[in-house]
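**Student:** Chains as they are written, first to last, in the working numbering: chain A, 121 to 436; chain B, 1481 to 1644.
Each residue gets a CB set at the ideal place from its N, CA and C atoms; glycine is no exception.
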Amino acid sequence: MSQDRHSAFLAVDAEALDWALRMADPAQADWDAFTDWLEADPSHVERYDRMAATLLDAEEALTEHPDVMEPPRSVEPVADHRRGALRWIAGAVAAALVGAIGLQAWDDRSQPYAVETAAGETRVLALPDGSIITLAGASRVALDRADPRRAVLERGEALFRVKHDDRHPFAVQAGGVALVDLGTVFDVRMGQRQTRVAVAEGAVMVDPNGVGLRLDAGQAVLVEDGRLIRAAVAPGDVGGWGDGRLAFDGAPLSEVAEDLSRFLRQPVSVAPAIAARPFRGVIDLQAVRRDPALLGPLMEVRMRRDAVGWTLEPRG
Amino acid sequence: MSPTGIEAVFLANREKLVRFLAARGAGDAAEDLVQDLWVKLSGRMDGPVANPLAYLYRAADMLMIDRYRSRRQAERREQDWAEGQGGPEPPAVERALVARQTAERIAATLTALGERPATVFRRARVEGVSQKRIAEELGISISTVESDLRLAAHAIAALKEQIG
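Encoded structure:
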């Protein structure tokens, strides 16, 4: 290794590193100020490139090896709609452009991209390995063209119909929950408080590097505050939303409202007084999309409409 | 997606983007790159973009970072040849092993800074969570999040200098 690589870390490098951090953060990026800084000294651009590339290298290394840095026990079901969309999208687009103008081959590099849906929309993604992901509304999944056997559910819900390969299991990360398929159709849902994994066919292994909980068809697990809670499900109901049915077996109305907000175009909230009330039943999404007021008699609530959406309220 | 929104933003800011790409190292190719970028991006935006101008800038920025990374990789390969270490590409298994070891070094470097800076870096930069949200989660101020992030970034840059 040549000696000049060990050259001192100059103040201007630290400055470049700060720019690299800022420009990757949509909340902080000031492109005019950045242009001025670049123009102020011709050496700035190379220093910035080096720092930005170093950070991206590190981030990609950690993304590809999620287990080397175990997240702390508190499992965070993230539902932050502002999370780094810009970085992901821009990264994927830029990588595609590089291919288009014929620079280096990227085959052994990670090529992240993300797919997201608006509320009320579902989307079917066919992966190159033959696996199929059905993405529910208001959801987002991050994928990698270089490794189609890996998916990160960033928010919302997705049904995975995985082409099983013993030598290369399909891995899904959802918040702090990691799982690998053992031959499978399974659903992953990230809620405000908890993340749920439910298996329709085959089996999955949850937290393969930790407790290694195996779930078979008809089994589910809720992850809340880092605790794993087993639950049972009707296998036919898992991912039923893909066929336009939402089935609940005693879920609190707050959770039902959260799901409905994903599948209808308007957000649905619930009055605190009945948020914990359990609901059992099957909702026909197509009918409810046409007329959300139908939920009233079905769920024994009053549906109040306001400027943004619907609120479930106690009757009478 | 109506052609008006983002296209109007693009046209109004075309000169600024060219100036940015020129400063960003594209030199005389800046004009062409801006055009390429627009052709590629305009066909891809199938949803609303919150801040189209920032999006265009970041895409341009990422393009230049990608070009830098490709160049660097090519240079490294040439250097290996010059130093007599050239040869067939190492097999995939070996590459995967090296990648894993690098990830482990990075993780160890971050962990050595303490749990909080390591968590802040992971949440912000690997998982893309906003600084505001991280501050709320950890019950710390945004300026603490920022300084943790800088600490972690510096440690990673130092590690990079060290392992080359």
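Where does the unbroken alpha helix (DSSP H) through A:T174 begin, and where does it stop?
**Tutor:** A:T174 -> alpha helix (DSSP H) spans H164 to E184.
**Student:** Three or more beta-carbon pairs under 8 Å between the region 361–380 of chain A and the region 338–349 of chain A, yes or no?
**Tutor:** Flag = no, the region 361–380 of chain A and the region 338–349 of chain A do not touch.
**Student:** Relative to the C-alpha of B:Q1642, which residue among B:V1600, B:S1623, B:R1603 and B:R1585 is closest?
**Tutor:** Ranking B:V1600, B:S1623, B:R1603 and B:R1585 by Cα distance to B:Q1642 puts B:R1585 first.
**Student:** Measure from the C-beta of A:P328 to each C-beta in chain B and report whether the shortest distance is under 9 Å.
**Tutor:** Not an interface residue.
**Student:** At which residues does the beta strand (DSSP E) containing A:R280 begin and terminate?
**Tutor:** Before going further, note that residue 280 of chain A is Phe rather than Arg in the sequence given. From DSSP, the beta strand (DSSP E) with A:F280 extends over R270 to R281.
**Student:** For B:R1556, decide whether its Cβ has a neighbour in chain A, counting only Cβ atoms nearer than 9 Å.
**Tutor:** Not an interface residue.
**Student:** Between B:A1598 and chain A, is there a C-beta pair that is closer than 9 Å?
**Tutor:** Yes - at least one Cβ of chain A is within 9 Å of the one on B:A1598.
**Student:** Which word fits A:D249, buried or exposed, when buried means at least 16 other C-beta atoms lie within 10 angstroms of its C-beta?
**Tutor:** Per the 10 Å Cβ criterion, exposed.
**Student:** Cα-Cα, which of A:D285, A:L380, A:V272 and A:R287 is closest to A:A407?
**Tutor:** Per the Cα distances, A:L380.
**Student:** Looking at the C-beta of A:E159, does it have a partner C-beta in chain E at a distance below 9 Å?
**Tutor:** This model lacks chain E altogether, as its protein chains are A and B.
**Student:** Any idea if B:S1621 is buried or exposed, counting beta-carbon neighbours within 10 angstroms, 16 or more meaning buried?
**Tutor:** That one is exposed.
**Student:** Find out if the Cβ-Cβ distance for the pair A:V244, A:F280 is shorter than 9 Å.
**Tutor:** Not a contact, by the Cβ cut-off of 9 Å.
**Student:** So, A:A147 versus B:S1623, is the Cβ gap smaller than 9 Å?
**Tutor:** No, these two residues do not count as a Cβ contact at 9 Å.
**Student:** Entirely within the region 1575–1637 of chain B and at least 3 residues each: give me those beta strand (DSSP E) ranges in chain order.
**Tutor:** Taking only runs of at least 3 residues, no beta strand (DSSP E) segment lies wholly in the region 1575–1637 of chain B.
**Student:** So with CB distances below 7 Å, who are the chain B contacts of A:M171?
**Tutor:** Ordered by position in chain B, the residues that pass the 7 Å Cβ test against A:M171 are A1637.
**Student:** What does A:D138 reach in chain B if we use C-beta pairs closer than 9 Å?
**Tutor:** Correct list: R1630 and A1633.
**Student:** Mind checking if A:L373 is an interface residue toward chain B, Cβ cutoff 9 Å exclusive?
**Tutor:** Not one chain B Cβ lies under 9 Å of A:L373.
**Student:** Compare the C-alpha of A:R309 against each of A:H288, A:I253, A:G330 and A:H284 and name the closest.
**Tutor:** When only C-alpha atoms are compared, the closest one is A:I253.
**Student:** If we define contact as Cβ-Cβ less than 9 Å, is A:D177 a contact residue for chain B?
**Tutor:** Judged by the 9 Å Cβ criterion, A:D177 is in contact with chain B.
**Student:** Got a sec: is the Cβ-Cβ distance from B:V1606 to anything in chain A below 9 Å?
**Tutor:** Yes, B:V1606 counts as interfacial toward chain A.
**Student:** Determine the DSSP secondary structure at A:R316, reduced to helix, strand or coil.
**Tutor:** DSSP places A:R316 in strand when its eight states are reduced to three.
**Student:** Along the region 1609–1622 of chain B, what residues have a CB closer than 8 Å to any CB found in chain A?
**Tutor:** Listed by position along the chain: V1609, S1610, Q1611, K1612, R1613 and E1617.
**Student:** Anything in chain B within Cβ reach of A:L182, meaning under 9 Å, just list it in chain order.
**Tutor:** What A:L182 touches in chain B: A1583, I1586, A1587, L1590, F1601, R1602, R1605 and V1606.
**Student:** Taking all protein chains shown into account, do 16 or more other C-beta atoms lie within 10 angstroms of the C-beta of B:K1640, making it buried, or fewer, making it exposed?
**Tutor:** When all chains shown are included, B:K1640 counts as buried.
**Student:** Is there at least one Cβ from chain A nearer than 9 Å to B:D1541's Cβ?
**Tutor:** Output row for B:D1541: interface = yes.
**Student:** Could you list which residues in chain B have their beta carbon closer than 9 Å to that of A:P146, in chain order?
**Tutor:** Within chain B, the residues near A:P146 are A1530, N1531, A1534, Y1535, R1538 and S1610.
**Student:** Rounded to whole angstroms, how far is the Cβ of A:V324 from the Cβ of A:D301, which I believe are closer than 8 Å?
**Tutor:** Indeed, because the Cβ distance is near 5 Å, the residues count as touching under 8 Å.
**Student:** The beta strand (DSSP E) spanning A:R334 covers which residue range?
**Tutor:** It spans L333 to D336 - the beta strand (DSSP E) in which A:R334 sits, taken as one unbroken run.
**Student:** Taking the alpha carbon of B:A1633 as the point to measure from, which residue in A:L175, A:T315 and A:R409 has its own alpha carbon closest?
**Tutor:** Per the Cα distances, A:L175.
**Student:** When burial is assigned at 16 or more other CB atoms within 10 Å of the CB, is A:P398 buried or exposed?
**Tutor:** Per the 10 Å Cβ criterion, exposed.
**Student:** Less than 9 Å separating the beta-carbons of A:R385 and A:A238?
**Tutor:** Contact flag set, yes.
**Student:** If I follow the unbroken alpha helix (DSSP H) through A:P417, where does it start and stop?
**Tutor:** Where A:P417 is concerned, the enclosing alpha helix (DSSP H) stretches over L415 to M419.
**Student:** Checking the sheet assignment: what are the DSSP bridge partners for A:G322?
**Tutor:** DSSP, once it has assigned bridges, lists A:T304 as partnering A:G322.
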